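Protein chains: 2
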Amino acid sequence: MYFLAKGDPSTMPSTPPDPGKKMDYLHTIDLVVLHYCRKTQAIQVLLNRRQQAPFPDSWALPGLVLNGSVRDVTMDEGVQRLVASNKIGLPLDYIEQVATVGDAYRDPRCWSSSTIYLAILAEPPALSDEQKFVSLKSLESRETRLPFDHNELVDKVRERLYSKSLYTSLPLLFLGQEFSAPEATAVYSVVLERPVLKTSIRQRLLKLADEGFIAETGRKKSGEGIKAQATVENLRPGKVFYFDRSFA
Amino acid sequence: MYFLAKGDPSTMPSTPPDPGKKMDYLHTIDLVVLHYCRKTQAIQVLLNRRQQAPFPDSWALPGLVLNGSVRDVTMDEGVQRLVASNKIGLPLDYIEQVATVGDAYRDPRCWSSSTIYLAILAEPPALSDEQKFVSLKSLESRETRLPFDHNELVDKVRERLYSKSLYTSLPLLFLGQEFSAPEATAVYSVVLERPVLKTSIRQRLLKLADEGFIAETGRKKSGEGIKAQATVENLRPGKVFYFDRSFA
DNA sequence: GTAATAGTGTCTCTGAGACAATATGAT
DNA sequence: ATCATATTGTCTCAGAGACACTATTAC
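First to last, the sequence lines map onto chains X and B.
As numbered in the working numbering, residues 1 to 248 make up the first sequence, in order.
As numbered in the working numbering, residues 1001 to 1248 make up the second sequence, in order.
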């Protein structure tokens, strides 16, 4: 994997620093805020129109510079500041740190690192003019191209969503507080990009009920052209259950 | 999870920046290099004696400041620089980024972030005077206390090791190129901190053989007081197989 | 030879995959 | 009433957990 350069500094893959000049350095936080649209059965990603250089007016992931214009005491506070700002402006139903990338090229200003998060927003938000959703698929295919390395950052989050959805209840967080078994089947099928049998989902829902993660509401949901569906409610908002077997 | 502060800046959890002064900021890389001792059946963590302030002479995780004394082009190059340095000085058998933490307190010098990695070193290295191993257990129990928040960083890596070992072949990387089924059983039992049935491990080894990850060598291993054990060899060094079922 | 441990066989149980059968509600 | 689909039932199969049994080897 990584091999020793036998102690000879000249073989080390680094260039000497510029003496006497403190290097500029940015550490940013970027969120990939995902929303599932029940009607179109597509996963969408929240973007913001950039106000400032670099890449003014282009659509990018909501992010901020840690200790940029405002001092943050912790990274988590930086995340809260971003969530509370008008770049997002809605409480998230889930958030998880995915990775940190950093290099000399990704930001034209200077060396920069970005710590990226996977976030889920169950309720469809009212968007401002500076916000929009694009489909996760269009980002994957590069039909939608983002500034910086944001497409690659979305890739990392998409991979995390996929792999974690194989063996956890994570996709159900897209459905909010109350949902039906057919809706659960649909969202798993979308996230895993293949048809998932409704009976497998039923088994998992039974397991979740056993574990106290969900409970039957007794209510039924019906709407435009769909047959009534019994609903369950999420008893552990924001919590993810780990099944002991994975989907294939 | 995170709630909106209704757009009122005074409620936001941040203090204003100090104008006119560029804030000092460090981004460090810290490695939790794990080694499994077949004899004592314990997992050990590599430490370095710190040369400089803060905390001179105390034992800490091997780490470096990104773009500190040397310019790194990418974070991965920084990791390679650290691995090649005398703080580690041996090729790693596995490495994986685990998390990034950052706040105003963890480093007495200034605001700092650290990106931490889980690394595995299969071969027992020859240690310099500035290096030593301590058991992962003594770090968990706080019998061994490290400077900064390094104990908590080790906790995060330990949790990742544990959870990933439930459903992957990761623990086998502790055993290097050639190992036996009883050794595999032992290392899984140590990592999962419970007895694991040899028949469960045998099943998993059969699966790995099917998948082309390991192959029987035909050789047998015997040594001090132990009975001969058939060995297998790792055909995919550094690669981890994901089983579709988890241990309990 | 003996004792300990390596390696095999077999049984149970859980849950995914598959699909058939029934129930229910929208029209 | 009819039809689509929600919901239930049943079967197979893979693999973990458990344990008995056989084979091998260090002493």
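Where a beta carbon is used, it is the ideal one built from N, C-alpha and C, also for glycine.
Note that the structure is predicted; figures quoted are calculated from it, not measured.
In summary, the residues of the segment 1161-1184 of chain B whose CB is separated from some CB of chain X by less than 9 Å are S1163, L1166 and Y1167, in the order they occur in the chain. Between the segment 54-74 of chain X and the segment 167-186 of chain X there are fewer than three C-beta pairs closer than 8 Å, too few to call the two in contact. Taking the beta carbon of T115 (chain X) as reference, the chain B residues within 7 Å of it are T1100, listed in sequence order. Under the three-state reduction of DSSP, A215 (chain X) is assigned to strand. Residue range K1198 to D1210 is occupied by the alpha helix (DSSP H) that includes I1201 (chain B). Within the segment 1024-1036 of chain B, the residues whose Cβ lies closer than 7 Å to any Cβ of chain X are, in chain order, Y1025 and H1027. Residue state for G1063 (chain B) is assigned as strand, using DSSP reduced to three classes. Boundaries cannot be given for E224 (chain X), as no beta strand (DSSP E) includes it and DSSP labels it neither H nor E. Contact check for Q51 (chain X) against F133 (chain X) fails: the beta carbons are separated by 8 Å or more.
Boundaries of the beta strand (DSSP E) harbouring G102 (chain X): Y94 to D103, taken from the DSSP string. Secondary structure remark: continuous beta strand (DSSP E) runs of at least 3 residues inside the segment 112-144 of chain X, in chain order: 131-135.
In the structure shown, R1050 (chain B) falls within a coil segment according to DSSP collapsed to helix, strand and coil. At a cut-off of 8 Å between beta carbons, N67 (chain X) contacts chain B.
Distance from the CA atom of A248 (chain X) to the CA atom of Y167 (chain X), rounded to whole angstroms, is 10 Å. In this structure the segment 1026-1044 of chain B does not lie against the segment 127-143 of chain X, because fewer than three pairs of beta carbons, one per stretch, are closer than 8 Å. Contact note: S1246 (chain B) reaches chain X through Y167, Y242, F243, D244, R245 and S246, using a C-beta cutoff of 9 Å and chain order. Residues are counted here when their Cβ sits less than 9 Å from a Cβ of chain X; for the segment 1141-1161 of chain B the count is zero. For T185 (chain X), no beta strand (DSSP E) run applies; the uninterrupted alpha helix (DSSP H) run containing it begins and ends at A181 to L192, by DSSP. Excluding residues up to 5 positions away in sequence, W1111 lie with their Cβ nearer than 7 Å to the Cβ of A1104 (chain B) in the same chain. The alpha-carbon separation between Y188 (chain X) and L1170 (chain B) amounts to approximately 27 Å.
In the structure shown, N1151 (chain B) falls within a helical segment according to DSSP collapsed to helix, strand and coil.
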